[in-house]
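What follows is a short report on a single structure.
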DNA sequence: CATGAATGAGAATTCATTCAT
DNA sequence: GATGAATGAATTCTCATTCAT
């Protein structure tokens, strides 16, 4: 979270090519956070003005940085997807078993989705509008999830009749909604348990 | 239920109490079909005009038959929910085991949801507008599902740490979306498998 | 009220030119009463369906009897205006003074208006739609009111600088609205008092 | 009031805090004038689009400036109500008698109402929607009118059996409508004359 | 570059009026 | 003649998007 993989904090130090660039980046960051919050509360179709107000900028600024809504949505989730993607290899290296690594990664993913679940709505949107988001999402997470599944499968710990894509989408769907009567974690745990091979 | 005012199916035989009713009934049927289709494509918030156009009627006709959107949504799903509710006891009586009955009922339910999955969207809508639908839905299916779960639990075939409500909602969520890369049946099967007690 | 000046109840007895005529007249009467009531509650623009429902007839029946709304409005008030018109000469003949006759007639008129005050709204409506009503209204009441004013003026009891038309409209306006904080009678009384010549 | 955020009238002199405000203010003014005109012709329920068209702006602009219809109605009449309220004390100080002050204030009030008489319609509207308007109106004028009446009453010049509220409403009603055959001024004068105690 | 005022298309809802039965 | 189902125009309100400042 907040990990910007490529630059290590030297931004303040350099003579920006243009002073404006720093402001713009600050605005962009504020917008991403505002949009993330708005998406949680109102879904990915949250009114532009609401996002602008949360970010403390004008609506025009949103359009400058993110010409289409898809651009904004992608930017918002890219960040979190990135964090999730990075967690995969780490868990595979540290967990006591492939299945355990899978379980823990899924928990991370669910934690992410349940707090930012506008994502689920965005992902299942069949509109071309969100195709880019969908694509990016899968580009980053599918390989990670695939490796976790493959490892566990190779260890004979899980069934092999499900694809990583289907698995991810199932988890995503289970994370939609949620209140005192619905705990996505519990249901996803059931799903993962169902994957476990009987001994 | 509610639309056959006075008699039990002998309508074709008698001199219709009012000829007009025939037209109205035809329209109502057309509306239900149009709405079902619209819900699948656009969700339960599909524009009134779209539904009216699909049904080939004016918008006012929708309001005459279904004063609120909840009325329409309920009417659309009522038949299928009813069928599902009736299937529970039947399966419990005929299946080879409680767990098997549960499995088969869930399959029926999933078949229903995957074709009319706008339902899922409606059910997770937190808007007061759909409270009635939600209530009806639970009134009919929760007891049935609860009994199936109880029977299987009593037979020691499934875990007992999940409520019927949560289970139903989980299934509902898994049924959202679906294409060549996503088979809700497979995922729900996984969920049910996860419920199965290890031997 | 209810006075049908020209026929004295012999309707039941005669072989109606057509049986339907009796039904139709009954419907018309029901409609007039229903409309009067509806106008009181919702004004002269009360929904057609409301009036039809109150009268226990279909909407089409209204249109048959009163092709335009103006026709209905006129018919409704004609009745009461008639009663008011008749009261003028009577009061002039029986009251103890012309001014007293005027006062009492105004009280009758106000009683009428305050209960059926949709009339005021109709009368001040500048639309051509209600021109006919306006005309009829004045045709019947203006002469009566004029005579009452003339008599009182001739007796030197009132000022002469106001026309009957203006006076009537003033009364009509004062009768618009009315609740615990507004008693049209009291205000009209003030108006009439203002008309009284100081001795 | 409320639209001059920070300073007391020195705006012309300073570098405008925001140039945009000028346009907005111009639009607001245009809207007030358009609404006033529309109210006179069609009453305070004049269609939003009509007002927008008259003002030469989009409908959204109305909602930006005046979120509810009550806001618009109040804004339209506020200025005139304010002027009327201020006139009360002035007249009491300068008129030759309390009754004379009352008479002159009423004339002012009537002048106002007869030009903007949509107000009367608004005030007698029992809809909750106009509660705010009603409240504002009474907050400003009732005390003024009350003092005028009290002074005249204290001087023994008028009757005491009428409340300021009833009196105001009566005047308001008399100001509804008006053409060559109806002069509200004359009728209100009659009302005020009726209030005068006989000597 | 940023702002936020303005625009106007889109959706819901109500009701007068028509017309098939 | 009577009925009431159906129609669709009228109206309100919301927001994405543009653009003047």
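Chains as they are written, first to last, in the working numbering: chain F, 1 to 199; chain G, 200 to 398; chain B, 399 to 597; chain L, 598 to 796.
Every residue gets a Cβ at the ideal spot worked out from N, C-alpha and C, and that includes glycine.
For residue i, the three-state DSSP class (helix, strand or coil)
| i | result |
| --- | --- |
| residue 768 of chain L | helix |
| residue 101 of chain F | helix |
| residue 327 of chain G | helix |
| residue 386 of chain G | helix |
| residue 714 of chain L | coil |
| residue 352 of chain G | helix |
| residue 690 of chain L | helix |
| residue 362 of chain G | coil |
| residue 5 of chain F | Here the model assigns residue 5 of chain F a pLDDT of 41, short of 50, so the residue's position is not dependable, and the following value carries that caveat. It is coil, neither helix nor strand. |
| residue 706 of chain L | helix |
Contact with chain G by residue i, beta-carbon distance below 8 Å
| i | result |
| --- | --- |
| residue 102 of chain F | no |
| residue 245 of chain F | A query on residue 245 of chain F cannot be resolved here, the shown segment of chain F reaching from 1 to 199 and no further. |
| residue 150 of chain F | no |
| residue 176 of chain F | yes |
| residue 190 of chain F | yes |
| residue 183 of chain F | yes |
| residue 3 of chain F | At residue 3 of chain F the pLDDT is 40, less than 50, meaning the model places this residue with poor confidence; the figure from the coordinates comes in the next sentence. No, residue 3 of chain F does not count as interfacial toward chain G. |
Beta-bridge pairing of residue i - partner residues as DSSP gives them
| i | result |
| --- | --- |
| residue 357 of chain G | G:395 |
| residue 182 of chain F | F:179 |
C-beta neighbour in chain B for residue i, strict 8 Å
| i | result |
| --- | --- |
| residue 783 of chain L | yes |
| residue 777 of chain L | no |
| residue 648 of chain L | no |
| residue 624 of chain L | no |
| residue 759 of chain L | yes |
Check: residue i C-beta below 7 Å from any heavy atom of the ligand NAP
| i | result |
| --- | --- |
| residue 672 of chain L | This structure lacks the ligand NAP, and indeed carries no ligand of any kind. |
CB contact below 8 Å: residue i versus chain F
| i | result |
| --- | --- |
| residue 253 of chain G | no |
| residue 340 of chain G | no |
| residue 392 of chain G | yes |
Proximity test, Cβ basis, 8 Å: residue i and chain L
| i | result |
| --- | --- |
| residue 564 of chain B | yes |
| residue 405 of chain B | Model confidence at residue 405 of chain B stands at a pLDDT of 43, short of 50, so the residue's coordinates are unreliable; what they give is reported in the following sentence. It does not: the Cβ of residue 405 of chain B has no partner Cβ on chain L nearer than 8 Å. |
| residue 556 of chain B | no |
| residue 509 of chain B | no |
Is there contact between the stretch 456 to 471 of chain B and the stretch 492 to 504 of chain B, where contact requires at least three CB pairs shorter than 8 Å?
No, they do not touch.
Segment contact, 8 Å Cβ cut-off, at least three pairs: the stretch 244 to 253 of chain G with the stretch 225 to 234 of chain G:
A contact between stretches requires three or more CB pairs, one per stretch, nearer than 8 Å, and the stretch 244 to 253 of chain G meets this requirement with the stretch 225 to 234 of chain G.
Evaluate contact between the stretch 539 to 552 of chain B and the stretch 484 to 500 of chain B, counting only Cβ atoms and requiring at least three cross-stretch pairs below 8 Å.
Contact between the stretch 539 to 552 of chain B and the stretch 484 to 500 of chain B is present, with at least three C-beta pairs closer than 8 Å.
Can at least three beta-carbon pairs, one atom from the stretch 752 to 769 of chain L and one from the stretch 575 to 591 of chain B, be found at a separation below 8 Å?
Short answer: they touch.
Counting pairs of Cβ atoms below 8 Å between the stretch 669 to 683 of chain L and the stretch 630 to 650 of chain L, do you hit three or more?
With a cut-off of 8 Å, the stretch 630 to 650 of chain L and the stretch 669 to 683 of chain L count as touching, because enough Cβ pairs lie within range.
Which runs of the alpha helix (DSSP H) spanning at least 4 residues fall entirely within the stretch 209 to 287 of chain G, listed in chain order?
Correct list: 219 to 241, 247 to 254 and 258 to 264.
Check whether the stretch 560 to 571 of chain B and the stretch 766 to 782 of chain L are in contact - that is, three or more C-beta pairs closer than 8 Å.
Yes: the two stretches touch, three or more of their Cβ pairs being nearer than 8 Å.
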